[in-house]
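A.B. asks: Residue numbers (our numbering): 9 to 178.
For each residue, glycine too, the CB sits at the ideal point set by N, CA and C.
All of these numbers come straight from a predicted model, not from anything done at the bench.
Before I ask anything, let me first share the structure, which is written out below as structure tokens.
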Amino acid sequence: MFKSLLQRFVTFFGVLLRSTVKKRHADLPSEIEELNESVGKFEMLERDLTQVLPLVEKMEALLNETAEDLNEIEKVEKQKVLKEKEKETSRKKLEEARKKLDTAKNLLGDAKLLDKLIEDKIAAKDNVETARDNLFDFEVNGSWTLEQFEEAREDAQVCRYFIFVKTSIF
């Protein structure tokens, strides 16, 4: 019985195995065709990827260069801002220097005017002294003419005016 059971099992298993092998054998050409198609698709994909790879590498290099360029531009922009601040500071200093120069020129002009006024005051004072001396040099006995007296009076008034103007400035 065991033998017959074993024989049946072997027979059944043999039939099953044969049918499976036959089926596999029949499916083999279609599987080969499918595998060939898959290999062809993978080869095309590999070719496409091989062609794209240099472009991707170039793109990666360009992105790196762009990042470096952007960093450089950022640095230049910061330097530009600093230079603009320096320019504004220098412009303000120049403006202050010009104002000081204008003030110095005005003071120099005022100093020259004061020097001239002092010289005029001294000259007027000398004229007054000379007029006084001349006034007392002449005798009052009538030797002066009316015109000489008027002229001496006008000189004295002019000298008095210059002295008043000059002393009121100081």
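Would you say the region 134-141 touches the region 97-113, given that touching needs at least three Cβ pairs under 8 Å?
C.D. replies: Because the criterion of three Cβ pairs below 8 Å is not met, the region 134-141 and the region 97-113 do not touch.
A.B. asks: Please report how far the alpha carbon of L57 lies from the alpha carbon of K66, in whole angstroms.
C.D. replies: Here residue 57 is taken as the residue at index 49 of the sequence shown, counted from 1. Here residue 66 is taken as the residue at index 58 of the sequence shown, counted from 1. Approximately 14 Å between the Cα atoms of the pair.
A.B. asks: How about A160 and A139: do their beta carbons lie closer than 8 Å?
C.D. replies: Residue numbering aside, residue 160 sits at position 152 when the sequence shown is read from its first letter. Residue numbering aside, residue 139 sits at position 131 when the sequence shown is read from its first letter. The answer is yes: Cβ separation under 8 Å.
A.B. asks: Which value, in whole angstroms, describes the spacing of the CA atoms of E162 and K124?
C.D. replies: By 1-based counting over the sequence shown, the position of residue 162 is 154. By 1-based counting over the sequence shown, the position of residue 124 is 116. Cα to Cα, the separation comes out at about 22 Å.
A.B. asks: Would you report the Cα separation of S12 and L36, rounded to the nearest angstrom?
C.D. replies: Taking the sequence shown and counting its residues from 1, one reaches residue 12 at position 4. Taking the sequence shown and counting its residues from 1, one reaches residue 36 at position 28. Rounded to whole angstroms, S12 to L36 spans 35 Å at the Cα level.
A.B. asks: Using the Cα positions of Q15 and H33, report the straight-line distance between them to the nearest angstrom.
C.D. replies: By 1-based counting over the sequence shown, the position of residue 15 is 7. By 1-based counting over the sequence shown, the position of residue 33 is 25. Distance between the alpha carbons of Q15 and H33: 26 Å.
A.B. asks: Alpha carbon to alpha carbon, what distance is there between I126 and V166?
C.D. replies: Position 158 of the sequence shown, counted from the start, is the residue given in the question as residue 166. Position 118 of the sequence shown, counted from the start, is the residue given in the question as residue 126. One C-alpha to the other measures close to 16 Å.
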